[in-house]
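Taking it in order: structure first as structure tokens, then the write-up.
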Amino acid sequence: FDIVLNMNFLPWQAKHAMPTEIEPEPMPIVSILVTIGSCLLIPALVLGWRAISSTESSELKTSTAVAQRPKFKKEKVALIGSGNWGSAIATKLGVNVLQHDTSFEREVYMWVFEEFVKLGEDGKWQRPARGAKPPEGKTWIDEGYRPLTEVINELNENVVYLPGIKLPKSIVASPDIKKCVTDATMLVFVIPHNFLAPIVPKMEGAFADGAVGISLIKGIEFEGGHPVLISDLLQKEMSKSEGKMPVDMSVLMGANVANEVAKGDFAEATIGCTDMSIGEKWVKLFNTPDFKVDAVSDVAGAELCGALKNVVALGAGFCDGVGFGGNTKAAIIRIGLKEMQSFCQVFYGSRGIKDETFLESCGVADLITTCFGGRNRKCSEIFAKCRVAGTPKSWEVIEAEELNGQKLQGTGTAKDVMTCLKQAGKESQFPLFSMIYKIAFEGSPPSDVIKINN
Numbered sequence: 010f011d012i013v014l015n016m017n018f019l020p021w022q023a024k025h026a027m028p029t030e031i032e033p034e035p036m037p038i039v040s041i042l043v044t045i046g047s048c049l050l051i052p053a054l055v056l057g058w059r060a061i062s063s064t065e066s067s068e069l070k071t072s073t074a075v076a077q078r079p080k081f082k083k084e085k086v087a088l089i090g091s092g093n094w095g096s097a098i099a100t101k102l103g104v105n106v107l108q109h110d111t112s113f114e115r116e117v118y119m120w121v122f123e124e125f126v127k128l129g130e131d132g133k134w135q136r137p138a139r140g141a142k143p144p145e146g147k148t149w150i151d152e153g154y155r156p157l158t159e160v161i162n163e164l165n166e167n168v169v170y171l172p173g174i175k176l177p178k179s180i181v182a183s184p185d186i187k188k189c190v191t192d193a194t195m196l197v198f199v200i201p202h203n204f205l206a207p208i209v210p211k212m213e214g215a216f217a218d219g220a221v222g223i224s225l226i227k228g229i230e231f232e233g234g235h236p237v238l239i240s241d242l243l244q245k246e247m248s249k250s251e252g253k254m255p256v257d258m259s260v261l262m263g264a265n266v267a268n269e270v271a272k273g274d275f276a277e278a279t280i281g282c283t284d285m286s287i288g289e290k291w292v293k294l295f296n297t298p299d300f301k302v303d304a305v306s307d308v309a310g311a312e313l314c315g316a317l318k319n320v321v322a323l324g325a326g327f328c329d330g331v332g333f334g335g336n337t338k339a340a341i342i343r344i345g346l347k348e349m350q351s352f353c354q355v356f357y358g359s360r361g362i363k364d365e366t367f368l369e370s371c372g373v374a375d376l377i378t379t380c381f382g383g384r385n386r387k388c389s390e391i392f393a394k395c396r397v398a399g400t401p402k403s404w405e406v407i408e409a410e411e412l413n414g415q416k417l418q419g420t421g422t423a424k425d426v427m428t429c430l431k432q433a434g435k436e437s438q439f440p441l442f443s444m445i446y447k448i449a450f451e452g453s454p455p456s457d458v459i460k461i462n463n
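Set out below in structure tokens:
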């Protein structure tokens, strides 16, 4: 896509290529006993384990920004993102703004990166090939294509990223980001985090003073050997708008396969917020009978879970690739959860990380789903099988063959996690994270994933 990155935005965006969204694979058929056993074992052990005592009171303190937030007659919602997950979440909030029209304005602008589509002879919507350009002197419209936003608004369906699922009529697609956020009081971000660099400045601070935001973006950045939350990056950049109050940021994380959520299969999600009064507003926006949403006063814990679980999923894939059984995989998941919790406390303990966060959907549920059905597990299984067979493949080759150029989150996060641990001198406290890194990048055999009981 021909988007020019603003290189002064943040140093982290330049290392990312702009991806297309790829939905994690549905969970494969696995041993019911192993899954249930994992679900029962992990919470019991987490409840009995405390890595580091929190340095802050469990009572939530209202931030200055929240305390000074104006009381809006109705909240105006803007949805920034329209990929697979963005369109899926639109099916929930789009319904709720209509059902709670005394609390929300009935129209939600959804920002769409404009593409061109046309209906093929096979009845499927098609896009031009990646990198293709229309014939000289012509446009894609001349070639029979239509703007994606036009099709979405006409059919109430994102025919590219969520085909076959109707969007509520409250959802209005637009390629103009400033128009989408103008006077918005609640900003929902659900785009690949490297899109933030070109997009946030184009908002030009048009959102309402006192607006709050929520990130549905699973990922994390690392700067100076320390993890940086996407929600913090968003807050920092939006605060550059002259005269604006700080935008209070929450997150929504959980075991959510977008297509299943959109179809109405029952699912859960966790909102990590700084203030429960704001958390309740987000719950009201997202919660439906088939999408159970709960709020916790722990932004950092919920958000870090969404990133670190991808590292553990690499370990689960190594288990599958080597041929280890259910007991071993369950152990890797439990130890992984323990190290996730410890990592959060070591690097973000001052933010009031709560143990109970790891029992929410953003924690144990998302971890189990990812370790049985996510793309990180899938690719690490292939990596291990190739190593065992004596025909090793690089991560780059596996990514290209399996993910159409999409970059794995787990491998990059594993590298950055190890950088943090080395700088802090904490490698010995994280034997699983350290071993996953050694297998993935230092040539250790995948079977060594169990050599962590020292």
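Position one of the sequence shown corresponds to residue 10 (my numbering), numbered consecutively onward. By construction, the Cβ of each residue, glycine as well, lies at the ideal position given by its N, Cα and C atoms.
Just the C-alpha distance for residue i and residue j, rounded to the nearest angstrom, thanks.
| i | j | result |
| --- | --- | --- |
| residue 59 | residue 315 | Annotation note: pLDDT 35 at residue 59 (below 50); position unreliable, no value reported. |
| residue 196 | residue 393 | 41 Å |
| residue 304 | residue 361 | 15 Å |
| residue 181 | residue 92 | 14 Å |
| residue 40 | residue 408 | Since pLDDT at residue 40 reaches only 47, below the 50 mark, its modelled position is unreliable, and the value read off the structure follows with that caveat. Cα to Cα, the separation comes out at about 27 Å. |
| residue 169 | residue 136 | 8 Å |
| residue 266 | residue 365 | 23 Å |
| residue 231 | residue 190 | 28 Å |
| residue 341 | residue 157 | 43 Å |
| residue 173 | residue 251 | 42 Å |
| residue 120 | residue 161 | 12 Å |
| residue 71 | residue 457 | Annotation note: pLDDT 38 at residue 71 (below 50); position unreliable, coordinate value reported separately. Taking the straight line joining both Cα atoms gives about 47 Å. |
| residue 461 | residue 439 | 9 Å |
| residue 257 | residue 118 | 20 Å |
| residue 445 | residue 329 | 14 Å |
| residue 127 | residue 163 | 13 Å |
| residue 240 | residue 255 | 12 Å |
Does the Cβ of residue i have 16 or more other Cβ atoms within 10 Å, making it buried, or fewer, making it exposed?
| i | result |
| --- | --- |
| residue 359 | exposed |
| residue 336 | exposed |
| residue 133 | exposed |
| residue 139 | exposed |
| residue 8 | With the chain covering only 10 through 463, there is no way to say anything about residue 8. |
| residue 333 | buried |
| residue 80 | exposed |
| residue 236 | buried |
| residue 323 | buried |
| residue 375 | buried |
| residue 431 | exposed |
| residue 296 | buried |
| residue 49 | Low confidence applies to residue 49: its pLDDT is 39, below 50, so where it sits in the model is not reliable, and the reading given next is rough at best. By the 10 Å Cβ count, residue 49 comes out exposed. |
| residue 131 | exposed |
| residue 9 | Outside the displayed span of the chain (10 to 463) sits residue 9, for which this structure offers no information. |
| residue 188 | exposed |
| residue 54 | Note that residue 54 scores a pLDDT of 39, beneath 50, so its modelled location is shaky and nothing firm can be said. |
| residue 345 | buried |
Alpha helix (DSSP H) containing residue i: first to last residue?
| i | result |
| --- | --- |
| residue 464 | Because the chain is modelled from 10 through 463, residue 464 falls outside the range shown and cannot be assessed. |
| residue 488 | A question about residue 488 goes unanswered here, because the residues of the chain that appear run from 10 up to 463. |
| residue 375 | 375-382 |
| residue 127 | Element bounds for residue 127: not the alpha helix (DSSP H) but the beta strand (DSSP E), 125-128. |
| residue 398 | First-last for residue 398: undefined, no H or E at that position. |
| residue 464 | Because the chain spans 10 through 463 in this model, residue 464 falls outside it and cannot be assessed. |
| residue 424 | 418-433 |
| residue 103 | 93-108 |
| residue 301 | Element bounds for residue 301: not the alpha helix (DSSP H) but the beta strand (DSSP E), 300-305. |
| residue 287 | 285-295 |
Find the nearest neighbour of residue i within the set the options, judged by alpha-carbon distance.
| i | options | result |
| --- | --- | --- |
| residue 280 | 194, 234 and 227 | 227 |
| residue 282 | 312, 395, 79 and 264 | 312 |
| residue 192 | 218, 397 and 146 | 218 |
| residue 396 | 236, 126, 448 and 277 | 448 |
| residue 357 | 323, 429 and 286 | 429 |
| residue 437 | 146, 308, 351 and 285 | 351 |
| residue 300 | 320, 277 and 159 | 277 |
| residue 107 | 85, 410 and 89 | 85 |
| residue 249 | 125, 210, 141 and 122 | 210 |
| residue 363 | 306, 398 and 339 | 306 |
| residue 221 | 380, 443 and 88 | 88 |
Which residue comes first and which comes last in the beta strand (DSSP E) that contains residue i?
| i | result |
| --- | --- |
| residue 176 | Counting along the chain, residue 176 falls outside any beta strand (DSSP E), and DSSP gives it neither H nor E. |
| residue 334 | It is not in any beta strand (DSSP E) - residue 334 carries neither H nor E in the DSSP assignment. |
| residue 197 | 195-198 |
| residue 264 | From DSSP, residue 264 is part of no beta strand (DSSP E); its letter is neither H nor E. |
| residue 88 | 86-89 |
| residue 181 | 180-183 |
Q.
Count Cβ pairs between the stretch 204-211 and the stretch 176-184 that sit closer than 8 Å; are there 3 or more?
A. no
Q.
Within 8 Å, do at least three Cβ pairs link the stretch 269-287 to the stretch 90-104?
A. yes
Q: Indicate whether the contact test is met: 3 or more Cβ pairs, each with one atom in the stretch 407-427 and one in the stretch 371-391, closer than 8 Å.
A: yes
**Q.** At least 3 beta-carbon pairs within less than 8 Å: the stretch 424-431 vs the stretch 400-410
**A.** no
Q: Evaluate the contact criterion for the stretch 205-221 versus the stretch 144-161: three or more CB pairs, one atom per stretch, below 8 Å.
A: no
Q: Would you be able to state if there are at least three C-beta pairs under 8 Å between the stretch 282-292 and the stretch 314-331?
A: no
**Q.** the stretch 339-353 in contact with the stretch 252-264 per 3-pair CB rule at 8 Å
**A.** no
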